[in-house]
Structure formats: C-alpha cells, structure tokens
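Have a look at the structure below, then the notes.
Protein chains: 2
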Amino acid sequence: MEPSAYHHGNLRRVMLDAALQAIGESGPTGWSLRELARRAGVSHTAPTHHFGDKTGLLTAVAAEGFDLFAATLEAAGGDFREVGVAYVRFAVRHRSHFQVMFRPELYRPADPAVAPARARAAAVLSSGGRALSPDPARDRLTTVAAWSMAHGFADLWLSGALADAAEIDPETYARDLITLAFGHLHHPKA
Amino acid sequence: MEPSAYHHGNLRRVMLDAALQAIGESGPTGWSLRELARRAGVSHTAPTHHFGDKTGLLTAVAAEGFDLFAATLEAAGGDFREVGVAYVRFAVRHRSHFQVMFRPELYRPADPAVAPARARAAAVLSSGGRALSPDPARDRLTTVAAWSMAHGFADLWLSGALADAAEIDPETYARDLITLAFGHLHHPKA
DNA sequence: AGTGGAAAGTTTCCACTGGAAAGATAGCGC
DNA sequence: GCGCTATCTTTCCAGTGGAAACTTTCCACT
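Chains A and B supply the protein sequences, listed in that same order. The numbering of the first sequence is full-length UniProt numbering, which starts it at 1 and goes up by one. The numbering of the second sequence is full-length UniProt numbering, which starts it at 1 and goes up by one.
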C-alpha cells in the first residue's frame with residue numbers, strides 16, 4: 001500500500017481523485033491525461049494500465065458516480081420530495097461525477113460497471129414517480145416531470161445559469177421548487 | 001461572394017456550419033479545428049482570422065444560439081406553456097447550439113455578442129414565470145421551477161437518458177409535463 | 001487609373017496531447 | 001528462491017491548437 005519507488009500502489013484511486021479535481025476546475029474535458037499523471041508523480045502512460053485510455057478513466061468516473069448516486073437516492077427513503085432533494089444534493093456535492101454521468105458521449109455507457117448502477121438509480125426515480133402519480137396511466141409522465149425538474153435545476157445551478165446561485169442553498173430551494181410544482185399531487189398513501 | 005481560389009468569401013458561415021455538424025456528431029468538444037478547416041477546404045489557420053481561436057468559434061456558436069433562442073421564446077407569445085414547449089423545441093431543433101450555450105466553460109459568456117441575447121431570453125422566461133406565479137413573492141421560484149423542468153427535460157432527452165426517447169414527440173411530451181406540474185396554477189389573467 | 005493598406009488565407013514552426021510498443025521492476029504464488 | 005504477471009517507464013508517432021511571418025486579393029481614396 002505505501003508507495004514504493006516503482007509501484008505506486010494506489011494509482012487508480014489517485015488518478016480518479018485527480019480527474020475529479022480537474023473536472024471540477026475545468027470541466028469534464030478541460031484537462032489532459034498527462035497533466036493528471038504528472039500530478040500523481042507517474043509517467044504519462046502509467047494510467048493506461050488501470051483505465052485503458054482516457055475514455056476508460058471517464059467511464060470509471062461515471063461508474064463510481066452512478067454507484068454513489070444510486071446509494072444517495074436509495075437513502076432518501078420513500079418520500080418523493082426528499083428523493084428530488086437528494087438528486088440535487090448529489091449533483092452539488094459530487095458535481096464532477098454528475099457532469100460526466102449525463103454526458104454519455106464522454107464515456108462508455110454500456111460498460112458493465114456503469115449500466116447496473118444507472119439502472120438502480122432509475123428504479124428509485126420510477127418508484128418515486130409512481131408514488132406521486134395521480135393515476136397509473138400517468139406514472140411515467142409524473143416520473144419524467146419530477147426527474148426533469150430536479151435534473152434541470154441541478155444542471156442550471158451547476159452551470160451558473162441561475163444568476164442568484166451564490167445566495168441560495170440549493171437543497172432548500174429544490175425542496176421549495178418541488179413543493180410548488182408537485183405539492184398539489186401529494187396524496188400521502190391514502 | 002463566389003469562392004475565388006484564395007479568398008473563400010464565406011468562411012465564417014461555413015466554419016460555423018461545420019462546427020454545428022461536428023458538435024451534433026461528436027459533442028461540443030469531440031472535434032478539432034483542423035478537421036473543420038479541412039472540410040471547408042482551407043488551411044488550418046484560416047479560421048483564426050474570423051474567430052481568434054477555438055474558444056472564439058464556440059463563442060460564436062453560443063452567440064448565434066442565444067439569438068435564435070431569444071427569438072424562438074419571444075415568438076411563443078404570452079402563453080406560458082407554449083414558452084416551455086418552445087424551449088424544448090429549440091433544444092431539439094438546434095441541439096448543437098443548445099449543448100454549447102449552457103456549458104459556459106467552453107466559451108466566453110461575457111462576450112458582447114452573447115450576453116445581451118442571453119439576457120433577452122432570460123427576460124422572456126421571467127415574464128412567463130411572473131404570469132404563472134401564485135403570488136408576487138413567488139415569482140422567482142415559479143420561474144425557476146418552470147425553467148428547470150423545461151431545461152431538464154430537454155437535457156435528458158438530448159442525452160438519451162430517457163429510455164423511450166425514440167418513441168415520443170418531445171414537444172407534445174413537454175406540453176403534457178408542463179400541464180401536469182403547473183396546470184393547477186393557471187389562472188388566466190383573472 | 002493605380003496604389004497603399006487592410007482583410008483573408010498560407011506556410012512554417014513549436015510545445016503539447018493521446019496512444020502504441022517494447023522494456024524495466026518488483027511483489028507474489030508455488 | 002524462482003518464474004509470472006501486474007505495474008510502471010522510456011521511447012516514439014501522428015495529430016492538435018496556436019504564434020509568427022509571409023502572400024494574395026480586394027477596396028478606398030487620390
């Protein structure tokens with residue numbers, strides 16, 4: 001585990017962390033593999049062994065992201081509003097992951113490390129939508145509506161499009177948004 | 001105007017179109033300036049004269065995008081639901097523009113060709129939100145709610161995250177989403 | 001009419017990138 | 001204690017964005 005001169009011992013995690021930081025600083029494509037390798041103190045081809053290529057590194061970021069994401073959503077419990085808040089919280093706290101996850105042209109979305117975790121997250125959203133839906137025929141519509149609002153708010157907030165982004169607490173604001181749009185649908189398990 | 005051997009006569013527009021096509025094929029960063037220049041049949045430094053650098057080209061894409069965007073939203077008239085539908089329509093019909101516009105780290109958002117057009121679009125959204133808001137104190141919240149939903153749906157649809165994306169007509173679906181979430185607020189100019 | 005820029009495009013150059021190939025090192029199973 | 005294999009290095013290559021210096025064309029103005 002401790003870094004011998006030759007075998008880093010921990011390169012995979014270090015590269016992932018370096019990538020996450022670089023993404024946070026310059027966006028999902030605003031950095032180079034070689035720069036990360038330099039930061040990690042290894043040669044520029046060392047990461048190849050762990051990730052194959054740059055796309056592989058981004059795939060690993062997406063995979064880790066969807067895992068964390070699914071866990072976050074699952075932990076929010078059954079209350080649908082809190083699932084939406086958890087969605088936004090994840091985006092804000094793990095913004096580097098988030099900015100990769102929903103940009104599938106950057107990585108390999110069919111990778112076996114990615115697809116199951118993504119499905120797990122989708123299942124939480126679907127079940128939340130079902131709970132909120134006014135009638136079964138509109139389950140999907142309701143899911144997409146709530147998903148869109150949480151996702152759109154997160155994306156706008158992260159991109160800085162909301163001019164007052166600095167002043168607001170995104171989680172609190174998200175809760176207010178959801179209440180405004182979906183509060184009237186809430187018929188708590190009648 | 002006709003292409004003499006030396007002076008292309010039309011390079012700016014041709015490069016913009018080539019960029020839009022490349023973005024559509026490989027995302028906002030999945031192409032090279034040199035490749036576009038080759039497609040246009042000019043040397044790889046010719047575009048410098050029109051755009052300065054690659055960021056300048058993306059800035060021009062964003063500027064054109066926000067212009068078109070503002071025009072589209074303004075043309076939707078006062079009906080708020082139709083503004084949301086127009087938002088989604090723009091994203092679908094001008095997806096290359098859209099994918100750049102909300103990724104400000106890719107271009108220069110403060111550019112004088114960008115900022116005013118963006119402000120124009122924001123004004124339409126704000127006024128729509130105001131019309132929909134249940135009370136003045138919630139004007140901003142309502143605007144952000146509707147904006148988030150339209151934006152989120154557009155982004156999810158474009159990214160392919162909605163598994164059934166192929167089957168649905170995004171504009172119709174957007175109208176249904178807005179009705180579900182905001183229909184109960186509609187108090188037509190009482 | 002013809003000339004002096006300015007505008008538009010070219011060639012050449014450089015540091016940097018992602019990746020391929022081949023070789024060095026070191027820890028681990030037996 | 002020995003070879004195997006995972007990990008990391010060095011070297012190499014084509015492609016990239018951009019700077020610099022040059023060429024060609026067009027247009028405004030006398």
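We treat Cβ as the ideally placed atom computed from N, Cα and C, and that holds for glycine.
Check	Outcome
Are the C-beta of residue 110 of chain B and some C-beta of chain A separated by less than 7 Å?	no
The alpha helix (DSSP H) spanning residue 66 of chain A covers which residue range?	54-75
Give me the residue from A:29, A:161 and A:147 with the minimum Cα distance to residue 177 of chain B.	A:147
Between the beta-carbon of residue 73 of chain A and the beta-carbon of residue 121 of chain A, is there less than 7 Å?	yes
Are there 16 or more other CB atoms within 10 angstroms of the CB of residue 167 of chain B, so buried, or fewer, so exposed?	exposed
Based on Cα-Cα distance, which residue from B:79, B:97 and B:108 lies nearest to residue 27 of chain B?	B:97
How do the segment 64-82 of chain B and the segment 41-48 of chain B stand: do at least 3 beta-carbon pairs fall below 8 Å, yes or no?	no
To the nearest angstrom, how far is the alpha carbon of residue 175 of chain A from that of residue 86 of chain A?	10 Å
Below 7 Å between beta carbons: does that hold for residue 107 of chain A and residue 58 of chain A?	yes
Using the beta-carbon of each residue, which ones in chain A are nearer than 8 Å to residue 162 of chain B?	144
In chain order, what residues of the segment 63-84 of chain A put their CB closer than 9 Å to some CB of chain B?	none
Note down the Cα distance separating residue 24 of chain B from residue 71 of chain A, rounded to an integer number of angstroms.	33 Å
Please state whether the Cβ-Cβ distance between residue 50 of chain B and residue 13 of chain B is less than 7 Å.	no
Could you spell out the range, first to last residue, of the alpha helix (DSSP H) harbouring residue 144 of chain A?	139-159
Hey, residue 82 of chain B and residue 76 of chain B: beta-carbon distance below 7 Å or not?	yes
In chain order, what residues of the same chain have a beta carbon less than 6 Å from the beta carbon of residue 89 of chain A, not counting five sequence neighbours either side?	171
Rounded to whole angstroms, what's the CA-CA distance from residue 103 of chain A to residue 103 of chain B? Just pull it up for me.	12 Å
For residue 103 of chain B, go through chain A and note every residue whose CB falls closer than 8 Å to its CB, in chain order.	27 and 159
Below 7 Å between beta carbons is the criterion; list the residues of the segment 167-188 of chain B that meet it against any residue of chain A, in chain order.	176, 177, 180, 181, 182 and 184
When the Cα atoms are used, what is the spatial distance from residue 129 of chain B to residue 141 of chain B?	8 Å
Compare the Cα-Cα distances from residue 135 of chain A to each of B:163, B:152, B:173 and B:180 and report the closest residue.	B:180
Since residue 150 of chain A meets chain B, which of its residues come closer than 9 Å, beta carbon to beta carbon?	148 and 152
Under a three-way DSSP split, which group does residue 167 of chain A fall into?	coil
What does a CB cutoff of less than 7 Å around residue 37 of chain B pick up in its chain, not counting 5 residues either side in sequence?	43, 44, 46 and 47
Going along the chain, which residues of its own chain have a beta-carbon closer than 8 Å to the beta-carbon of residue 94 of chain B, five neighbours each way excluded?	65, 68 and 69
If you measure between the beta carbons of residue 132 of chain A and residue 185 of chain A, is that distance less than 7 Å?	yes
By how many angstroms is the C-alpha of residue 8 of chain A removed from the C-alpha of residue 163 of chain A?	44 Å
Which residues in the same chain have their Cβ closer than 8 Å to the Cβ of residue 31 of chain A, if we skip the five residues on either side of it in sequence?	19, 22, 23 and 25
How many whole angstroms separate the CB atoms of residue 150 of chain A and residue 84 of chain A, which I take to be in contact at a CB cut-off of 8 Å?	4 Å
Check whether chain A comes within 7 Å of residue 155 of chain B, counting only Cβ atoms and requiring the distance to be less than that.	yes
Within 7 Å (strictly less), CB to CB, does residue 141 of chain B reach chain A?	yes
For residue 152 of chain B, count the other beta carbons within 10 Å of its own beta carbon; 16 or more makes it buried, fewer makes it exposed. Which is it?	buried
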